[in-house]
């Protein structure tokens, strides 16, 4: 999984809750923003500490910057954009009936 500075991630969690929770710092007990980061948003990685990602919003809605968990238990909340691109290409290929080599 790419975890370097500047990598982009896609928000995949929080679909039933209006998005995922964003906090002001990497500390789990820190203050949360009132607005959630919407599912489908694209964020740019600024820093990664353990399972906490500091981001800047690239596309979508929610706080322009903050900290999110990349997963809760075994459920992914954000995934690297490369993984998203591969999944979308795979879905498109399956829909068209073309095999991927």
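Residue numbers (the working numbering): 2 to 102. Every residue gets a Cβ at the ideal spot worked out from N, C-alpha and C, and that includes glycine. As the structure is a prediction and not an experimental result, all values here were calculated from the model.
Roughly how many angstroms lie between the CA atoms of residue 55 and residue 47, to the nearest whole one?
-> 5 angstroms
Where does residue 122 land, buried or exposed, given buried means 16+ other C-beta within 10 angstroms?
-> Lying before the first or after the last residue shown, residue 122 is absent from the chain, which here runs from 2 to 102.
Selection from 64, 8, 75 that minimises the alpha carbon distance to residue 19 = 64
Under a Cβ-count criterion, where at least 16 other Cβ atoms within 10 Å of its own Cβ denotes burial, should residue 28 be classed as buried or exposed?
-> exposed
Counting along the chain, where does the beta strand (DSSP E) carrying residue 59 start and finish?
-> 53–60
Rounded Cβ spacing between residue 31 and residue 24 (contact assumed at less than 8 angstroms) | 5 angstroms
Rank 67, 52, 53 by C-alpha distance to the C-alpha of residue 59 and give the top, closest one.
-> 67
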